[in-house]
Structures are given as structure tokens and as C-alpha cells.
Amino acid sequence: MGRVDGKAHFVSGVVPGEIVVGRVAKDGGSWARAELVEVRSPSPDRVDPLCPHATRCGGCQWQHATYEAQRAWKHNTVVTQLQHIGKIAEPPVSDVVAPGPPFGYRNRMDFRVHDGRPAMHRARSHEMVPLEVCKLLDPQLAAVFGRLQNLHGVEQFVLRAGTNTGDMLMIVKGKIPDHAEDWDVALAQLEGKTVTGVGGPARITEEINGTRFRITGNAFFQNNTHGAEALVGLVRAALEPEAIDTLLDAYAGVGLFGAGLGSEVGRVIAVESNRVAATDLQRNLKAAGVDHRVIRGKMEKVAGHLDEYADLAIADPPRTGLGEAGIAAVTATSPRRLAYVSCDPASLARDAALLAGDGYQLTNVTPVDMFPQTFHIEAVATFVLG
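Read in our numbering, the sequence shown has 230 at position 159, and its numbers run on one by one without any break.
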């Protein structure tokens with residue numbers, strides 16, 4: 072954000088401290104959005120983007136800045152959101168964890184197709200940007216991406232990989248071309264919300280810290296395998312589990328935390344609303360040898376029917392956060408410690424204030440850079456009752 076005669080102008084692709092020339096694209100009265108035309112005085116934190124599509128493709132926002140600057144911005148964002156929204160004067164925010172490489176980290180990527188070529192939307196636009204490469208892709212998926220030719224008939228597709236297992240899957244919406252066998256990747260087709268394997272099961276496996284996970288179709292799993300490994304370690308540190316504890320794994324997905332930490336507690340109660348993910352969850356907990364109970368449904372609705380006491384709780388909600396209903400559900404049995412895995416600092420800050428009203432003290436927040444080159448921020452927050 073820069074000011075011209077006191078009026079705020081928002082310009083993407085700029086580093087703080089720079090002097091730039093911009094062209095106003097939208098005038099909002101008291102503010103304006105501008106497009107970057109020229110950098111007159113560059114910041115020492117400015118670098119040339121690695122990807123040739125970086126200035127047009129909406130997949131990355133920060134390739135023009137050093138990785139050190141990106142992590143500093145993310146740390147500052149978490150701190151300021153907790154201060155302004157959470158009303159915490161001195162937020163206990165640790166240094167940002169960088170769990171893996173700043174490029175080539177994504178084990179899942181969703182693409183559109185434009186004129187038979189892979190594409191993504193331009194930022195804040197319906198315009199499609201055809202892509203020759205994607206520098207965020209796991210190297211295994213980058214190799215598949217490079218083999219994709221003539222995608223006519225395909226509307227969109229998803230590439231998934233088990234970074235630690237080598238499994239790969241391409242989920243296609245639309246017609247699968249006759250030459251798809253040249254892509255050398257397992258195929259599945261998306262019709263409505265149903266994913267069906269072509270000549271085999273529509274699933275991959277991934278291994279996190281020695282625990283194997285089955286991930287079927289479009290079921291959610293962390294998009295950065297190195298980051299998932301870091302999250303499990305941070306959640307373990309937040310909970311301080313004991314062998315006699317019962318652990319509530321809310322918004323459990325396919326069981327990253329429940330299966331990953333289940334051997335360290337006496338029992339896991341896992342709640343997941345998605346049918347496909349819940350099936351994988353049941354299988355993954357059993358395969359990990361965890362004493363467990365899986366409940367399919369929305370956490371906010373099933374909490375009142377839980378007849379078991381949870382000593383510890385994990386919450387990994389969507390970007391909107393927990394809110395009052397989610398907090399009431401997760402804390403219904405007054406767990407002594409809560410590990411909150413957040414993908415949005417603003418909703419985390421709001422929920423921190425609500426949890427404080429219920430007697431939960433925020434003792435630590437560790438940001439995890441799951442998505443380098445973008446503004447997205449993951450964090451693990453520790454809340455202690457009493």
C-alpha cells in the first residue's frame with residue numbers, strides 16, 4: 072500500500088519501501104487499486120521471479136521478494152492480526168518454520184485448461200493464463216506436467232502425489248484424451264462430486280513420520296508433505312500427550328493427526344463430515360493400530376452427542392475458523408490442552424479472543440510456511456485451560 076496525496080493505493084507486486092509508478096485500475100473513492108508499471112527505486116528484498124508466468128498467473132503472489140522477506144511478512148501478519156482482532160497486546164508468536172524447499176513443494180495442484188493447455192486464472196480476473204511450467208509442483212508432478220500435450224476436451228484437472236511414496240494421480244474433469252497413456256500417470260475422472268479410477272483405484276498413499284495414509288480422490292490432505300510432517304510435530308508439542316489420554320481429533324480429514332499421534336494416547340475420537348475422507352480416516356486409524364472411534368458428521372452438530380470425555384483436542388477447521396459453535400463443540404468436555412491448526416490468521420485471532428472468554432489461554436503460536444511464494448499462512452496455536 073502506498074499513498075498519493077494521502078489516498079491509499081493498493082499495488083500488487085511491490086515490496087515495502089519501494090518507489091514505483093502505477094496505473095489506477097479501480098478507483099474506490101477513498102482508496103484505489105493500481106497496476107505496477109515501473110519500479111523506480113527497488114528494495115534490497117526484490118528478486119527476479121523464478122517462474123516466467125509469475126507476473127500474470129494468480130497462483131503465486133510473492134515471487135518477486137526474497138524468501139527471508141516473505142517469512143518476515145508472514146510473522147508480522149500473524150502478530151498484527153492477534154493484536155488488532157484478538158486484542159492480545161504481546162502475542163506469543165514464535166519464528167516462522169520453513170519446513171521444506173521454497174519451490175517444488177506442492178503435492179497437489181488444481182489447473183484449468185485453455186486452448187488445450189494447462190492454465191490458471193490471473194489474479195482477481197476471469198482471464199486464463201496458459202502455463203508452460205509450474206515451479207511450485209513437486210518434482211514428480213512437474214515431470215508429469217511437462218508431458219501434458221493437447222488437452223482438448225479436458226475442462227480442468229488435479230495432479231496429486233505422495234512425495235514420500237512416489238504415488239501419483241491425475242483427476243480429470245471432462246473427456247480423457249486417447250493419448251493420455253503417454254502421460255505415464257494413474258488417471259481418474261471427476262463427474263459431479265464423484266471421482267472414479269480409470270483402470271485402477273482413484274487414490275494415492277503418503278507417508279508422514281513413518282505413518283502411512285490412504286488418500287482417495289479429492290479427499291483433503293495437506294498440500295505440502297514437508298509441512299505436514301512439521302505440523303504433526305508442532306501439534307504433539309502443543310498437546311503434550313500422555314498414554315492415558317483420550318484425544319478428540321476434530322475436522323479430522325483422513326487422519327493426519329489422529330493416526331500420526333494416536334500411538335501416544337490411549338484413544339482417539341475422530342470427527343469428519345466428508346464421506347470419502349471419513350472412510351479413509353477409519354482405514355488409516357486402524358492401519359496405524361490406534362484405538363479409535365470415527366464419527367461422520369459436522370463437529371458442531373455431533374458434539375452434543377459425544378458420550379466420551381476428551382482430555383486433549385485438535386482442531387483443524389476450514390479457513391473460516393471455528394467460530395462460537397465450533398469452539399463450543401471442541402471444548403465441550405473441557406480438554407486441558409487444545410492444538411488449533413489455522414490456515415487464516417484473522418479467524419485464528421477472532422477465535423483466540425473467544426477461547427479466552429472460555430478460560431483458554433493462548434501460550435504459543437508457531438507460523439508454518441506451507442505455501443512459499445504466496446501470502447497464505449498456516450499456524451499451530453497452543454491453548455491451555457485454566
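We put the CB at the ideal spot given by N, CA and C, even for glycine.
Could you tell me which residues DSSP pairs with Arg177 in its beta bridges? Leu208, Asn295
Report the option in Arg408, Arg283, Gln260, Thr282 whose CA atom is closest to the CA atom of Glu313. Arg408
Between the stretch 176 to 184 and the stretch 227 to 240, are three or more C-beta pairs nearer than 8 Å? yes
Backbone secondary structure at Ile398 - three-state DSSP: helix
Helix, strand or coil at Ser112 according to DSSP, with G and I counted as helix: strand
Answer with buried or exposed for Asn147, where buried requires no fewer than 16 other C-beta atoms within 10 angstroms of its C-beta. exposed
I'd like to know if Gly329 contacts chain B, where contact means its C-beta is closer than 8 Å to some C-beta of that chain. In the displayed structure, chain B is absent; only one protein chain is listed.
With a threshold of 16 other CB atoms inside 10 Å of the CB of Ala400, please say whether the residue is buried or exposed. buried
Arg367 versus Arg338 - alpha carbon distance: 17 Å
Can you pull the DSSP bridge partners for Pro247? Per the sequence presented here, residue 247 reads as Ile, with Pro not at that position. According to DSSP, which records beta bridges pairwise, Ile247 is partnered with nothing at all.
When you compare only the Cα positions, how much space is there between Asp98 and Gly130? 25 Å
Is the beta carbon of Met191 sitting closer than 8 Å to the one on Val200? yes
Trp102 in three-state terms, based on DSSP: strand
Environment of Lys158 [buried if 16+ CB atoms lie within 10 Å]: Answer is exposed; the Cβ neighbour count stays below 16.
Applying the criterion that 16 or more other CB atoms from any shown protein chain within 10 Å of the CB defines a buried residue, is Val95 buried or exposed? Exposed is the call here.
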